[in-house]
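Q: Numbering (UniProt numbering), first residue to last: 1 to 146.
Think of the CB as a built atom: it goes at the ideal place given N, C-alpha and C, for glycine as much as any other residue.
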């Protein structure tokens, strides 16, 4: 028996809290994707999923025009990239940054840290950013002759 406000499911005979009952019932029926077969307990989740197959991204950033599948992804993007506040500060020089990852890269200018090392035989080059290592590897700057 259920001590809260519950209802009995006619399919599986379980007692379900009333606020979750609609979701529970739809889990028995489900909403399958016609393309990949994945099932969703809410039709709204299926509609959101279908956008993935169509490539449509209905939520656009008003600042940089980047497009997103979900409204929550757009909101996260706005908070991360376009807050207008430089929230993190370099302890060495006081320069401020919007993002922590940008500060981490900047700090390597002060510390001289070069965490991305070329692993080709005979090359001892190292870089402060992963992209610099990739450029080094892809543009034949590395021929193993240090």
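Please state whether the Cβ-Cβ distance between residue 116 and residue 133 is less than 8 Å.
A: Result yes, Cβ atoms of residue 116 and residue 133 sit closer than 8 Å.
Q: The beta strand (DSSP E) spanning residue 16 covers which residue range?
A: First-last of the beta strand (DSSP E) with residue 16: 15 to 17.
Q: If you draw a straight line from the alpha carbon of residue 23 to that of residue 59, how long is it in whole angstroms?
A: Distance between the alpha carbons of residue 23 and residue 59: 26 Å.
Q: Tell me the DSSP bridge mates of residue 33?
A: In DSSP, residue 33 forms no bridge with anything.
Q: To the nearest whole angstrom, what separates the beta carbons of residue 74 and residue 64, a pair I think is in contact under 8 Å?
A: Actually they are not in contact, since the Cβ atoms of residue 74 and residue 64 sit about 11 Å apart, beyond 8 Å.
Q: I'd like to know whether the C-beta atoms of residue 169 and residue 46 end up nearer to each other than 8 Å.
A: Residue 169 lies beyond the range of the chain shown here (1 to 146); nothing can be said about it.
Q: Along the chain, where does the alpha helix (DSSP H) that runs through residue 8 open and close?
A: No alpha helix (DSSP H) contains residue 8, which is instead part of the beta strand (DSSP E) from 6 to 8.
Q: Helix, strand or coil for residue 82 per DSSP?
A: In this structure, residue 82 counts as coil in the three-state DSSP scheme.
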